[in-house]
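Residue numbers (the working numbering): 139 to 420.
Ideal Cβ placement from N, Cα and C applies to all residues, glycine included.
A quick note: this is a predicted structure, and the numbers were derived from the prediction, not measured.
Here's the structure we're looking at; comments come further down.
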């Protein structure tokens with residue numbers, strides 16, 4: 139992806155990459171570890187994955203948290219929530235140059251430490267295509283999942299589907315190589331996690347990949363809004379279960395997904411996709 143970096147000079151902490159171009163190698167690398175398969179981009183009948191734009195923000199996120207104006211210690215930051223909005227097909231980013239912008243919105247103290255909201259925006263021709271508000275937590279000594287707001291997800295028993303998969307040690311290595319990692323193993327050990335963990339973006343994108351496979355690509359097409367709650371990290375190795383379900387009416391569609399421990403059913407991630415019907419969206 140060819141790009142130009144621009145740092146805004148006002149008091150806000152914001153970085154922008156302009157003149158970005160689609161990179162097939164980058165897309166192939168993302169798909170190969172996120173559950174879509176190494177050959178996913180070769181299909182002309184499938185859209186670019188919903189989570190792929192967030193993968194492109196790795197460099198900007200690193201620049202944000204490593205900036206001298208960032209108010210939290212970058213070591214030990216954990217992803218706790220995400221609100222994603224898709225207004226047009228992600229494929230639009232392949233049609234020409236586009237821009238990526240990462241901005242710090244606000245900090246706030248919580249019982250588990252200090253949270254910061256970051257907004258990520260991918261746009262083309264000055265029109266926002268994909269955006270996300272990512273909430274990171276700088277924890278107080280030990281991370282407590284029960285101290286975080288929950289996203290209640292109830293699966294429809296009629297439409298619910300599940301898939302179990304083994305998340306091996308090698309998954310952590312691949313995550314480090316493809317996604318990068320702002321929270322290295324020594325910090326995880328200090329926080330009380332004695333084993334490497336799966337990248338949050340991997341968890342989210344793997345759920346979306348299974349959603350497409352089981353429910354069809356229409357469930358993740360624009361326009362839509364996605365809410366995700368990262369309850370706790372997935373330490374490796376581990377066997378997990380991904381559950382997905384869908385409720386559809388004439389005007390809207392709501393899909394639920396979760397990732398949990400295969401044996402104890404402890405949830406690591408939960409989320410919902412809300413999509414308007416094409417008639418209402420028009």
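The segment 224 to 232 makes contact with the segment 357 to 366; the number of CB pairs closer than 8 Å reaches 3 or more.
The DSSP-derived three-state label of residue 190 is helix.
Counting C-beta pairs closer than 8 Å gives fewer than three between the segment 351 to 361 and the segment 400 to 408, which falls short of the contact rule. Beta-bridge pairing by DSSP links residue 237 to 261. Contact annotation: the segment 205 to 217 does not touch the segment 263 to 270, with fewer than three C-beta pairs closer than 8 Å. Here DSSP, grouped into helix, strand and coil, assigns residue 255 to strand. Considering only 412, 248 and 385, the residue with the shortest C-alpha distance to residue 359 is 412. A contact between stretches requires three or more CB pairs, one per stretch, nearer than 8 Å, and the segment 266 to 275 fails this requirement with the segment 340 to 350. With 16 or more other Cβ atoms inside 10 Å of its own Cβ, residue 380 counts as buried.
Residue 200 and residue 370 have their alpha carbons spaced roughly 22 Å apart. When beta bridges are read from the DSSP output, residue 268 appears opposite 224 and 260. Here the alpha carbons of residue 189 and residue 247 stand approximately 28 Å from one another.
Residue burial annotation: residue 249 is exposed, with fewer than 16 other C-beta atoms found within 10 angstroms of its C-beta.
Only residues of its own chain outside the window of five on either side were considered, and among them 336, 372, 374, 375, 376, 377 and 378 have a CB closer than 8 Å to the CB of residue 305, listed in chain order.
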